[in-house]
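Report on one structure; see the data block that follows.
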Amino acid sequence: MKYILFILSFFCFNLIHAGNLIESSRGNVDSILCDSLSKQKADILARQIIEKDYSAAGMTIDEWKQLCPNSEIIARSEIIYNLIADRNVDQLIENYFGDDLHFVYKNRMENAAADEYQYISRDYRTYYNYVPLRHQLDSALMLAAKELLIKKKLNNDEKLICILFSGEVNSFEKENKKSNYRGSFIQEFSNNDRRYFSRENFSGHFYVGSYTPFNESKGFGTNPYFGISFASPLKYKIQGEIYMKFRLNINDENFDYYALGIINDVNSKLGFSIGLAGGYKIFENENLIIIPKIALGYESISTGLREYDEESEETFFHNVETLHSSIGLSVLKPIFRRNYIGMEVNYHYCPYGFDDDLISKFDNSAYSFEIFFRF
Numbered sequence: 261m262k263y264i265l266f267i268l269s270f271f272c273f274n275l276i277h278a279g280n281l282i283e284s285s286r287g288n289v290d291s292i293l294c295d296s297l298s299k300q301k302a303d304i305l306a307r308q309i310i311e312k313d314y315s316a317a318g319m320t321i322d323e324w325k326q327l328c329p330n331s332e333i334i335a336r337s338e339i340i341y342n343l344i345a346d347r348n349v350d351q352l353i354e355n356y357f358g359d360d361l362h363f364v365y366k367n368r369m370e371n372a373a374a375d376e377y378q379y380i381s382r383d384y385r386t387y388y389n390y391v392p393l394r395h396q397l398d399s400a401l402m403l404a405a406k407e408l409l410i411k412k413k414l415n416n417d418e419k420l421i422c423i424l425f426s427g428e429v430n431s432f433e434k435e436n437k438k439s440n441y442r443g444s445f446i447q448e449f450s451n452n453d454r455r456y457f458s459r460e461n462f463s464g465h466f467y468v469g470s471y472t473p474f475n476e477s478k479g480f481g482t483n484p485y486f487g488i489s490f491a492s493p494l495k496y497k498i499q500g501e502i503y504m505k506f507r508l509n510i511n512d513e514n515f516d517y518y519a520l521g522i523i524n525d526v527n528s529k530l531g532f533s534i535g536l537a538g539g540y541k542i543f544e545n546e547n548l549i550i551i552p553k554i555a556l557g558y559e560s561i562s563t564g565l566r567e568y569d570e571e572s573e574e575t576f577f578h579n580v581e582t583l584h585s586s587i588g589l590s591v592l593k594p595i596f597r598r599n600y601i602g603m604e605v606n607y608h609y610c611p612y613g614f615d616d617d618l619i620s621k622f623d624n625s626a627y628s629f630e631i632f633f634r635f
């Protein structure tokens, strides 16, 4: 029985291994066939499109597609062919953009315009599906796309794809931003693309709002609060910020501060804080992002007091200095194509007693409400 099981196991192992080798060699054969026949198929298809032999062109596209799946130039040819034949191309357009073939096409157009296009064709043969840059098929498809724009009544997606395939990439980008294409698949996809890439990058925040101590009778009242921050990409669950914020002390009282050997009666014009904030994305959909945040930094409140050291020839400022901590909630909503607008509410705790030179008592606790723009 042991020998029978051993023989069966050995047979199954070799059968699986042989199957993998066959699949691997089949893939290599397909790649070799695609490489060797793509230029030939492109030549034939270009001639058929120029001669308007569309029935033959359809068969060539089908044959070529069997050899080389997921090819940009084949997908482009298939869309143009079906538009000429008055067939629905919605799914073809969705597949084209969904497979990111529009990036391959844009790169193809850009590289074809370069003086060294022949070297690029050689170095990126596989990327460009074994069809050289500036091939006659590119020209034939551009001409067909331009004719479709003139002669056919096209819907928004069909019009946009024809503008793109006519070689007018810049015109496509401009048209695609216009409001009359709102609701089209291509515009929605492009907007999502831009937002996706904006989420991949670091961003800046501009904040404006108000800062209010819980006990306004202790030194400060409600004051304007604004600042900037440098924030991590939104694609991550864990968020980080480096911030710098200012408080204009227009609703405040004089306070006592010890400096220069005496107790001074001073009035602050400005509060300043700098620090680090961290958050965790607890909710996200297409319309809303919610991030609880905590922050810790340094705070300085101006007193207007300074002294000049003749030996070092430097001016030293005597300001109220302490830690600045906060905990709050940030809510963001996408606007435009890649930006966000948001609201943030924070509880602040600043232990002003850390500064031994501060004679007056400040309220350590405050709250702020801010509106911010992420750019």
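With the first letter of the sequence shown counted as 1, position 27 gets the number 287 in my numbering; the numbers rise by one all the way through. By construction, the Cβ of each residue, glycine as well, lies at the ideal position given by its N, Cα and C atoms.
Through-space distance from phenylalanine 614 to isoleucine 561, alpha-carbon basis: 13 Å
Under three-state DSSP, which class holds histidine 608? strand
Give the secondary structure of asparagine 330 by DSSP, where H, G and I count as helix, E and B as strand, and everything else as coil. coil
My assumption, with CB atoms under 8 Å, is that isoleucine 488 sits in contact with phenylalanine 466. Please give the rounded CB distance. That belief holds up - the Cβ atoms of isoleucine 488 and phenylalanine 466 are roughly 6 Å apart, short of 8 Å.
How many angstroms separate the CA atom of alanine 374 from the CA atom of isoleucine 304? Computed Cα separation, rounded: 26 Å.
Reduced DSSP secondary structure (H/G/I, E/B, other) of valine 468: The DSSP-derived three-state label of valine 468 is strand.
Using 10 angstroms around the beta-carbon of proline 329, count the other beta-carbons present and answer buried if the total reaches 16, otherwise exposed. exposed
Excluding the 5 residues flanking isoleucine 549 on each side, which residues of the same chain have their C-beta closer than 6 Å to its C-beta? Counting only Cβ-Cβ distances below 6 Å, and skipping sequence neighbours, we find Leu592.
Can you tell me which of the three DSSP states arginine 394 falls into? coil
Taking the alpha-carbon positions, what's the aspartate 227 to histidine 578 distance? The structure shown does not extend to residue 227, since the chain spans only 261 to 635, so no value can be given for it.
Enumerate in chain order the residues of its own chain whose CB-to-CB distance from phenylalanine 622 is below 6 Å, with the five nearest sequence positions on each side excluded. Lys478, Gly479 and Tyr612
Under 7 Å between C-beta atoms of phenylalanine 474 and serine 625: Result yes, Cβ atoms of phenylalanine 474 and serine 625 sit closer than 7 Å.
Going by beta carbon distance, what residues of the same chain come within less than 7 Å of proline 552, once the five residues before and after it are set aside? Gly539, Tyr540, Ile542 and Leu589
Where do the ends of the beta strand (DSSP E) carrying glycine 358 lie? Run containing glycine 358: none in the beta strand (DSSP E); it sits in the alpha helix (DSSP H), 350-358.
Contacting residues, own chain, Cβ-Cβ under 7 Å from asparagine 509 (five flanking each side not counted): Phe480, Asn483, Ser528, Lys529, Leu530 and Gly531
Backbone CA spacing between isoleucine 421 and arginine 597 [nearest angstrom]: 20 Å
Can you have a look at glycine 443 and say buried or exposed, based on whether 16 or more other CB atoms are within 10 angstroms of its CB? exposed
Taking 7 Å as the threshold (C-beta atoms), are lysine 495 and glutamate 460 in contact? yes
Local Cβ density within 10 Å of asparagine 389, reported as buried at 16 or more and exposed below that: buried
What residue range is occupied by the uninterrupted alpha helix (DSSP H) comprising arginine 368? 361-372
Backbone CA spacing between glutamate 433 and isoleucine 423 [nearest angstrom]: 9 Å
Using three-state DSSP, classify glycine 320 as helix, strand or coil. For the sequence presented, residue 320 should be read as threonine rather than glycine. Three-state DSSP puts threonine 320 in a helix.
Local conformation of lysine 505 per DSSP, three classes: strand
Residue environment, glycine 427, which counts as buried when at least 16 other CB atoms sit within 10 Å: buried
Residue(s) in a DSSP beta bridge with serine 533: For serine 533, which the question treats as bridged, DSSP gives the partners Lys505 and Glu559.
Kindly indicate which three-state DSSP category isoleucine 339 falls into: helix, strand or coil? helix
Keeping to the same chain, check which residues put their C-beta closer than 7 Å to that of glutamate 418; ignore five residues upstream and five downstream. Leu343 and Val349
Per-residue DSSP class, three states only, for aspartate 383: Of the three classes helix, strand and coil, the one that applies to aspartate 383 here is helix, per DSSP.
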